[in-house]
């Protein structure tokens, strides 16, 4: 499933450059993750890089965007053309 950023976000800016799919962008008040671009780093890394660097642990899985590993890999292929 895609990830999401909760309102515990402190806008520290460390997650955005870590996303290989450019799914993270500044929102009105906190950073946001585009579920159409988020693959949880499947195809790029073993673990979601934004989760690894977040100092406040505010990036859980998004229950509104449930996806299997296979679905995430398909999304990776569509996004990257690989």
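In the numbering used here, the protein residues as written are 23 to 104. Using N, Cα and C, we set each Cβ at its ideal position, and we do this for glycine too.
Between residue 95 and residue 65, the C-beta gap is smaller than 9 Å, which places the two residues in contact. Contiguous beta strand (DSSP E) elements confined to the region 24-73 occur at 46-48, 53-55, taking only those with 3 or more residues.
Take the alpha-carbon of residue 61 and the one of residue 79: they are about 18 Å apart.
In the DSSP assignment, residue 96 falls within the alpha helix (DSSP H) that extends over 91-102. In this structure residue 55 is buried. Its beta-carbon is surrounded by 16 or more other beta-carbon atoms within 10 angstroms.
Note on geometry: alpha-carbon atoms of residue 58 and residue 45 lie some 8 Å from one another.
Counting only residues of its own chain and dropping the five nearest sequence neighbours on each side, residue 82 has a CB closer than 8 Å to the CB of 25, 26, 28.
By the Cβ-count criterion, residue 104 is exposed, with fewer than 16 other Cβ atoms from all chains shown falling within 10 Å of its own Cβ.
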